[in-house]
Amino acid sequence: MYQNLQHSFENSVILVVEDDYDIGDILEKYIKNENMKVIRALDGQQALECLKANSIDLILLDIKLPKLNGWEILQIIRQTSHLPVIMLTALDDQVNKIMGLKMGADDFIIKPWRIQT
């Protein structure tokens with residue numbers, strides 16, 4: 001069963017919206033290792049441009065971003081799309097998690113996290 005699930009994600013396109021280069025590099029390496037494609041954006045404006053120019057299957061979205069923050073991006077996305085969005089953030093309080101989920105995030109993961117390889 002896991003094998004079928006794994007094949008369903010192969011070649012998926014993941015938009016990583018993260019202004020921290022090191023975290024972005026870790027995410028990109030892990031995602032590519034799972035046979036998925038990665039598009040990276042370093043700020044909110046760049047993220048919206050990537051969404052317009054590409055067919056994206058999932059967004060990994062930081063909150064504290066230059067130009068437009070993750071909350072603003074999530075709000076814009078939810079006006080027109082049901083695209084899966086996972087918030088990745090250092091904001092570790094319950095208020096932010098609840099707000100993210102109420103705004104339409106599909107999941108809310110607090111940094112630092114552990115990636116299993």
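No gaps in the numbering here: position 42 of the sequence shown is 42 in full-length UniProt numbering, and each next residue is one more.
Backbone N, C-alpha and C fix where the C-beta goes; we use that ideal spot for every residue, glycine too.
Can you tell me which of the three DSSP states residue i falls into?
i: Leu101; result: helix
i: Leu83; result: coil
i: Ile63; result: coil
i: Leu68; result: coil
i: Phe9; result: helix
Strictly by DSSP, which residues pair up with residue i?
i: Ile109; result: Leu88
i: Ile14; result: Val38, Leu58
Taking the alpha-carbon positions, what's the residue i to residue j distance?
i: Asp92; j: Lys111; result: 8 Å
i: Val16; j: Ile98; result: 22 Å
i: residue 127; j: Glu10; result: The requested residue 127 is not part of the displayed model; the chain covers only 1 to 117.
i: Ile14; j: Thr80; result: 18 Å
i: Lys32; j: Leu68; result: 26 Å
i: Pro66; j: Leu74; result: 14 Å
By a C-beta neighbour count over all protein chains shown, 10 Å radius and 16 as the cutoff for buried, is residue i buried or exposed?
i: Gln46; result: buried
i: Asp62; result: buried
i: Glu18; result: buried
i: Val95; result: exposed
i: Ala41; result: buried
task: Please list the segments of the beta strand (DSSP E) lying wholly inside the segment 17–58, counting only runs of 3 or more residues, in order along the chain.
output: 37–41
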